[in-house]
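Okay, so here's the structure we're looking at.
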């Protein structure tokens with residue numbers, strides 16, 4: 616009888632154990648998808664090149680009745696190595712980037728990426744076009760040294776912007792292939808999209824500029840200009856040169 620009573624106790628003990636564990640599991644409410652939104656992009660076309668890179672910035676504008684999440688997927692040439700910085704958007708997290716890293720052997724044919732956004736039981740499609748150029752970039756050079764100078768300046772003058780001090784943590788590529796005289800570079804990584812341009816001339820015309828935009832945001836937060844003497848001053852972000860619409 617003593618062994619039989621232990622058998623009756625066992626189910627009760629197991630039930631009590633599961634009940635106590637369930638108290639430790641937080642009950643997160645799931646917001647059902649509802650309402651509508653607009654899917655947009657800051658620009659629908661960029662230039663790139665084999666071994667280069669690229670960034671599309673995509674965002675949603677929720678309507679007043681919007682609830683839930685928008686799931687994102689990509690259809691792209693695998694050789695582009697296209698990735699999403701954020702695969703789901705909602706009312707609080709509205710911005711994502713499509714980051715490109717084309718392989719050196721990719722075809723020069725223009726290509727289109729299709730972004731699918733799914734909410735409720737419906738999907739929206741956003742086509743994004745890339746024109747490939749026969750271009751390349753060399754090993755790190757003066758542009759990387761300039762970025763290090765600008766990062767030092769930013770960290771001394773705007774320490775509230777948490778950026779890395781080592782330029783090597785960024786993926787580096789030419790922003791506008793086949794554009795000469797003023798070089799334009801993109802440095803993407805560590806939570807930032809940093810643009811840098813420099814006038815490839817002798818002093819006193821060898822100026823350079825920088826633009827900082829945090830990933831998952833639409834608007835750059837800081838721009839600066841460096842003159843031939845090495846003096847750096849902050850400038851409005853609108854003064855940083857943007858070419859070809861992006």
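Residue numbers (our numbering): 616 to 861.
Even glycine gets a Cβ: it sits at the ideal position worked out from N, Cα and C.
Straight-line gap, residue 651 to residue 676 (C-alpha atoms, nearest Å): 9 Å
Discussion item. What would DSSP say about residue 766, mapped onto helix, strand or coil?
Written reply: helix
**CA-to-CA distance, residue 768 to residue 844, given in whole angstroms** = 15 Å
**Request:** Following the continuous beta strand (DSSP E) through residue 681, name the residue where it begins and the one where it ends.
**Result:** Segment: none, residue 681 is in no beta strand (DSSP E) and carries neither H nor E.
> Does DSSP put residue 659 in a helix, in a strand, or in coil?
Replying inline: coil
Helix, strand or coil: which one does DSSP assign to residue 853? helix
DSSP three-state assignment for residue 719, whether helix, strand or coil
coil
List the DSSP bridge partners of residue 754.
Looking at the DSSP assignment, residue 754 forms no beta bridge with any residue, so it has no partner.
For this session: Rounded to whole angstroms, what's the CA-CA distance from residue 822 to residue 765? Just pull it up for me.
Result: 13 Å
Spatial distance of residue 776 from residue 790 (CA atoms):
Cα to Cα, the separation comes out at about 23 Å.
Checklist entry - In its own chain, which residues sit with a C-beta less than 7 Å from the C-beta of residue 672, not counting the 5 before and 5 after it? => result 656, 657, 710, 712 and 833
Exercise for the section: In angstroms with no decimal places, state the Cα-to-Cα distance between residue 679 and residue 815. Expected result: Distance between the alpha carbons of residue 679 and residue 815: 49 Å.
**Item:** Euclidean distance between Cα positions of residue 859 and residue 749
**Value:** Rounded to the nearest angstrom, the two C-alpha atoms are 18 Å apart.
request  = Rank 825, 837, 787 and 796 by C-alpha distance to the C-alpha of residue 810 and give the top, closest one.
outcome  = 825
Worksheet entry | Bridge partner(s) assigned by DSSP for residue 729 | DSSP output for residue 729 lists 690 and 742 as bridge partner(s).
* Under a Cβ-count criterion, where at least 16 other Cβ atoms within 10 Å of its own Cβ denotes burial, should residue 721 be classed as buried or exposed? -> buried
- Query: On the three-pair Cβ rule with 8 Å, is the stretch 681-688 touching the stretch 834-853?
  - Reply: no
(message) Please tell me whether residue 730 and residue 689 are closer than 8 Å, where the distance is taken between their beta carbons.
(response) Taking 8 Å as the Cβ cut-off, residue 730 and residue 689 qualify as a contacting pair.
- Hey, would you say residue 793 sits closer than 8 Å to residue 813, going by beta carbons? no
- Message: Restricting to Cα atoms, I'd like to know which of 693, 820 and 855 is closest to residue 837.
- Response: 855
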